[in-house]
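Here's the structure, in structure tokens; my notes come after.
Residue numbers (my numbering): 271 to 473.
Have a look at this one:
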């Protein structure tokens with residue numbers, strides 16, 4: 271029943287995107303679409319993994335969301351401080367962090383105290399978000415069509431959320447492989463963007 275509901279939502283999502291011109295946005299901003307899809311799917315599976323460590327309580331969401339906000343702020347600071355223009359090193363680090371998450375068992379963190387486990391698990395699970403944040407910020411600053419790029423990113427995030435029930439069939443850990451593929455697609459769909467100064471119409 272749950273999967274049927276999700277399938278219905280996917281169909282409604284595709285129809286709505288078509289009616290609102292989403293096909294055009296997707297075709298020209300696949301890079302941002304796949305970034306949003308991978309981000310949301312990674313966030314959902316991180317919440318599920320954290321629940322295995324801390325239990326399904328409101329603290330889980332607090333830990334994960336706080337870590338995401340801190341790492342996103344850190345990504346902004348890095349891009350601003352070092353004037354990052356090239357995304358390829360961030361993609362390499364992103365792939366490596368996903369590989370570490372796939373290989374390293376979370377059970378090893380249970381030997382730590384509660385506070386240490388909360389901090390390390392939150393940062394470890396969300397480390398890929400730091401590197402994907404650098405990629406998004408750098409790409410977004412270089413695209414001349416920021417409204418369409420942001421719209422495509424939100425569409426991707428919506429689809430990424432709808433892909434989370436795949437864990438019923440594949441398991442939570444296997445979702446990391448889907449996240450890796452989505453980020454790889456975002457890399458393949460990224461092409462050199464002509465930089466255009468941000469005008470007040472984007473604010």
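C-beta atoms are modelled at their ideal positions from N, C-alpha and C, and glycine is treated no differently.
Handout entry: Environment of residue 336 [buried if 16+ CB atoms lie within 10 Å]
Key = Taking the chain shown and counting its residues from 1, the one referred to as residue 336 is at position 66. Result: exposed.
Exercise for the section: With a 10 Å radius around its C-beta and 16 neighbouring C-beta atoms as the bar for buried, classify residue 327 as buried or exposed. Expected result: Locating residue 327 in the chain shown gives position 57, counting from the first residue. So residue 327 ends up on the exposed side.
Handout entry: C-alpha distance - residue 305 paired with residue 320, whole-angstrom precision
Key = Along the chain shown, read from residue 1 onward, the residue named residue 305 stands at position 35. Along the chain shown, read from residue 1 onward, the residue named residue 320 stands at position 50. Approximately 22 angstroms between the Cα atoms of the pair.
Problem - Cβ separation of residue 357 and residue 409, assumed to be a contact under 8 angstroms, to the nearest whole Å - result: Here residue 357 refers to the residue found at position 87 when the chain shown is read from its first residue. Here residue 409 refers to the residue found at position 139 when the chain shown is read from its first residue. With 8 angstroms as the limit, residue 357 and residue 409 qualify as a contact, their Cβ atoms being about 6 angstroms apart.
Practice task
With distances taken Cα to Cα, identify the nearest neighbour of residue 384 among 420, 323, 406, 370.
Solution key: As a working note, residue 384 is residue 114 in the chain shown. The shortest C-alpha separation from residue 384 is found at 323.
Exercise for the section: Please state whether DSSP places residue 288 in a helix, a strand or coil. Expected result: Within the chain shown, residue 288 is the residue found at index 18, counting from 1. Residue 288 falls in the helix class under three-state DSSP.
Handout entry: Cβ pair count under 8 angstroms reaching 3, the stretch 361–380 against the stretch 395–407
Key = yes
Problem - Unbroken stretches of the beta strand (DSSP E), 3 residues or longer, contained in the stretch 418–465 - result: none
Problem - Close-in-space but distant-in-sequence residues of the same chain around residue 427 (CB under 8 angstroms, 5 per side omitted) - result: Here residue 427 refers to the residue found at position 157 when the chain shown is read from its first residue. Taken in chain order, the residues that qualify are 306, 307, 309, 310.
Problem - Continuous alpha helix (DSSP H) stretch holding residue 358: start and end - result: Along the chain shown, one-based indexing puts residue 358 at 88. Its alpha helix (DSSP H) spans residues 358–373.
Problem - Alpha-carbon to alpha-carbon, residue 430 and residue 448 - result: Your numbering for residue 448 matches position 178 in the chain shown. Your numbering for residue 430 matches position 160 in the chain shown. Straight-line Cα distance between these residues: approximately 10 angstroms.
Handout entry: Where residue 326 falls: helix, strand or coil (DSSP)
Key = Taking the chain shown and counting its residues from 1, the one referred to as residue 326 is at position 56. Coil at residue 326, not helix or strand.
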